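One structure is given below, encoded as structure tokens.
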Amino acid sequence: MRFSFDHWSFDLLGGCFGIAIGLGLVRFDFGIVGSLMVDAKWINIEDIGKLAAINMLGYLAGAIQQACIKRRQISSRFVFAGLIVIMISIILEGRYINLTSQSILRLLCGWGAAQLVAGLPSVALERVPPNWRRQATGVIMSGGGVGALLGAVAIGTFSPTSAPTAWNVLALLTAFLSLPTIKLMLTNFKLQANCTKSNFKAASDVKSKSKSRSLGLSILFIITGFVFMQIGQVPVILYEPLIAIKKIGLTPIVSSNVDGLFGFGLIMGGLIPSMTTSRLTTKAFLPLISLFGLSGVILFGATQHASTLSISILLIGVWDMMIGALTIDRLGQLCNEELQRRYWAFATSFGSLGFIIFSTSTSQLSATNINLVLTLGIVAVVIHVLLEFMQCLIVIKPRSPIASYGSDK
């Protein structure tokens, strides 16, 4: 068999590394850098939640934009633009230390991250054979863990106490991880240029048929369940370093290593669906893994020791990424690729809106009553579990054109 860099498996690498940038470096690792920014007197402790909310406001704008884009060519162009914006923003965030500049750059970075997270999976999956869809989706989404793990380890190793150096570390990682993603996008642009008008007409025909078969109630539960998962993880993403250092008494280096477990859990969460037997359908897998998430957030809220904190962080990481990967795959079972991209963009849009509301409304509580913030996060995850069970109880017939790996019979 002749080796070729043009094989569709390399598309997965580009998708994986792009998600590593959009989720791992931009979103998950901000909690680590935010804590260092507080120590350096760049911002106040309450500003971590505010900057995270601003970042998610940009993410919301980008995700809504992706949801409203109907042409795949335009979507791909914005994905590429989002990657460039992220690279520039991260470089500048280590140099402009006032809150106003940080807010603007966090907003731009969030917009770019949304382009990658909402638009890149469909680009990376475009050439993947139907029977490899669930595995491929898991590999792509595991990139969020790759980025979070690399960022946490790199910051803990090279810059455990310096905010400016931590931003420089993230900038170098972003440049390195962007290379396969740039190759993927250039390949995609080339394929689009070679497409004939008949291809677009055929895709449009499939879209209209799939849209008429959309199962609104099931899709509503799936999207809403994903939204409450996003809300429930806010306390972990934003305030884990504060809890680890101030409540448990860990050093910044040890706390950063614990954050690395979250990244490792994200990687596992992306890869587990790709290795699980097809007898465990995606429909049934969603409520099952939501229980792991509930266990993780309860353990996180009650933690008093480094060992229980580590276990909870690992469980939450697995839950986070598995829900994302399985949600994308489940949507792909219910509609065609174009609608899958748009529904996924809607899910991330509402998820980011929930993140904004929760992080903003609880930002003042983070300094006075962090336990209440943790309790509210647990309540959100309980709702998430109920919604995932509700979507599983709906009897549906999956669409026939493309059946992904692990699709329901």
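Heads up, the sequence shown is in my numbering, so the first residue is 424 and it goes up one at a time. Just so it is clear, CB atoms sit at the ideal spot from N, CA and C, and this is done for glycine as well. Please read these numbers as outputs of a predicted model, since none were measured by experiment.
Residue i versus residue j: straight-line alpha-carbon distance, rounded
i      : j      : result
Leu607 : Phe599 : 14 angstroms
Phe440 : Leu816 : 35 angstroms
Arg636 : Gln756 : Any reading at Arg636 is ruled out, since the residue's pLDDT is 45, under 50, leaving its predicted position unreliable.
Val720 : Leu797 : 8 angstroms
Ser786 : Ala476 : 9 angstroms
Asp434 : Leu788 : 43 angstroms
Ile471 : Asp429 : 42 angstroms
Glu811 : Cys532 : 31 angstroms
Ser582 : Asn617 : 46 angstroms
Ile542 : Asn792 : Note on identity: in this sequence residue 542 is Gly, with Ile being the wrong assignment. Cα-Cα distance, rounded: 38 angstroms.
Gly740 : Leu714 : 13 angstroms
Ala725 : Thr580 : 29 angstroms
Phe687 : Arg494 : 35 angstroms
Ile736 : Met691 : 13 angstroms
Ala625 : Ile468 : Below a pLDDT of 50, predicted positions are generally treated as unreliable, and Ala625, at 44, falls in that range; no measurement from the model is reported.
Glu761 : Gly485 : 17 angstroms
Gly377 : Arg557 : There is no way to answer for residue 377, as the model of the chain reaches only from 424 to 832.
Val659 : Ala577 : 20 angstroms
Gly388 : Leu530 : The shown model of the chain, from 424 to 832, leaves out residue 388, and the question about it has no answer.
Ile605 : Gly481 : 22 angstroms
Cys758 : Arg765 : 10 angstroms
Ser545 : Phe778 : 24 angstroms
Leu474 : Arg702 : 43 angstroms
Ala770 : Gln656 : 15 angstroms
Ile513 : Tyr519 : 10 angstroms
Ser772 : Val802 : 21 angstroms
Phe723 : Ile712 : 17 angstroms
Met745 : Val461 : 32 angstroms
Asn794 : Gly517 : 31 angstroms
Gly716 : Trp742 : 5 angstroms
Thr699 : Ser458 : 37 angstroms
Collapsed DSSP secondary structure at residue i in the structure displayed
i      : result
Trp534 : helix
Ile642 : helix
Leu703 : coil
Ile442 : helix
Ser545 : helix
Gly656 : At residue 656 the sequence reads Gln, which differs from the Gly that was named. Here Gln656 sits in coil by DSSP.
Val796 : helix
Arg550 : coil
Ile527 : helix
Asn611 : helix
Ile712 : helix
Cys815 : helix
Asn617 : helix
Tyr519 : coil
Ile671 : coil
Q. Do three or more CB pairs link the region 502–511 to the region 453–462 at distances below 8 angstroms?
A. no
Q) Can we say the region 734–751 touches the region 641–650, given the rule of at least three CB pairs closer than 8 angstroms? A) yes
Q. Is the region 523–534 close to the region 582–600, with three or more CB pairs under 8 angstroms?
A. no
Q.
Ignoring anything shorter than 3 residues, give me the beta strand (DSSP E) runs that lie fully in the region 560–590, in order along the chain.
A. none
(Q) Quick check: the region 727–742 against the region 543–562, are at least 3 beta-carbon pairs closer than 8 angstroms? (A) no
Q | Within the region 429–516, ranges of the alpha helix (DSSP H) (whole runs, at least 4 residues) | A | 432–442, 453–462, 469–491 and 495–516
Q: May I have a chain-ordered list of the alpha helix (DSSP H) segments no shorter than 4 residues that lie completely inside the region 716–794?
A: 729–757, 760–784 and 788–791
Q.
So, does the region 695–706 touch the region 568–588, judging by three or more C-beta pairs under 8 angstroms?
A. no
(Q) Taking contact to mean 3 or more Cβ pairs, one atom from each stretch, closer than 8 angstroms, check whether the region 507–521 and the region 488–496 are in contact. (A) no
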